[in-house]
Amino acid sequence: MPTIFRIGAARVVIYLNDHHFAHVHVLDGKQHAIFDLHCPAGPPTLQRNHGFSHVDANTFARRMQNVVGSLCTEWKTLHDCFC
Numbered sequence: 001m002p003t004i005f006r007i008g009a010a011r012v013v014i015y016l017n018d019h020h021f022a023h024v025h026v027l028d029g030k031q032h033a034i035f036d037l038h039c040p041a042g043p044p045t046l047q048r049n050h051g052f053s054h055v056d057a058n059t060f061a062r063r064m065q066n067v068v069g070s071l072c073t074e075w076k077t078l079h080d081c082f083c
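UniProt numbering puts the first residue of the sequence shown at 1, with every later residue one more than the last.
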């Protein structure tokens, strides 16, 4: 599970064995959120949130929108599609 981006202390990762749809996991300690990327242009949307505040989740989505193209490229590199 490579870290592909950081937002403050939170790590944005893609699990190598996830093959559903293009999405990322945001991890910080015991907190975990999943964002659909809606590749290739976004916007990222929150799918699940376990422990982050709504303010933090919204901040993550805004910050990821600025790099959604890179996140989608990384997903496609690892999984060979946006599926």
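Beta carbons are placed, not taken as given, at the ideal position from N, Cα and C, and that holds for glycine.
Since the structure is predicted, the reported quantities are computational estimates derived from the model, not experimental observations.
Using the three-state DSSP reduction, which class does residue i fall into: helix, strand or coil?
{"i": "L16", "result": "coil"}
{"i": "N49", "result": "strand"}
{"i": "L37", "result": "coil"}
{"i": "V24", "result": "strand"}
{"i": "F60", "result": "helix"}
Looking only at C-alpha atoms, which of the options sits nearest to residue i?
{"i": "A33", "options": "T3, H20, F60 and G69", "result": "F60"}
{"i": "N66", "options": "H79, R6 and I14", "result": "R6"}
{"i": "G29", "options": "C39, R63, G8 and L37", "result": "G8"}
{"i": "V68", "options": "Y15, C39 and D56", "result": "C39"}
{"i": "F52", "options": "T3, A10 and I4", "result": "A10"}
{"i": "L27", "options": "T3, L78, S70 and C72", "result": "T3"}
{"i": "Q47", "options": "R62, Q31, H25 and R63", "result": "H25"}
Does the beta carbon of residue i sit closer than 8 Å to a beta carbon anywhere in chain D?
{"i": "H19", "result": "Judged by its chain identifiers, the structure shown contains no chain D, having just a single protein chain."}
For my contact list, residue i and residue j are in at a C-beta cut-off of 8 Å; report their separation, rounded to the angstrom.
{"i": "F1", "j": "V13", "result": "According to the sequence shown, residue 1 is Met rather than Phe. Right, their Cβ atoms sit about 5 Å apart."}
{"i": "H54", "j": "F35", "result": "Rounded, the Cβ-Cβ distance is 14 Å, inconsistent with contact."}
Just to confirm my understanding: we take residue i, look at its own chain, exclude 5 residues before and 5 after, and list those with CB closer than 7 Å. What are they?
{"i": "E74", "result": "I4 and I14"}
For this session: Decide yes or no for the touch test of the segment 1 to 19 against the segment 38 to 45: beta carbon pairs closer than 8 Å, at least 3 of them.
Result: no
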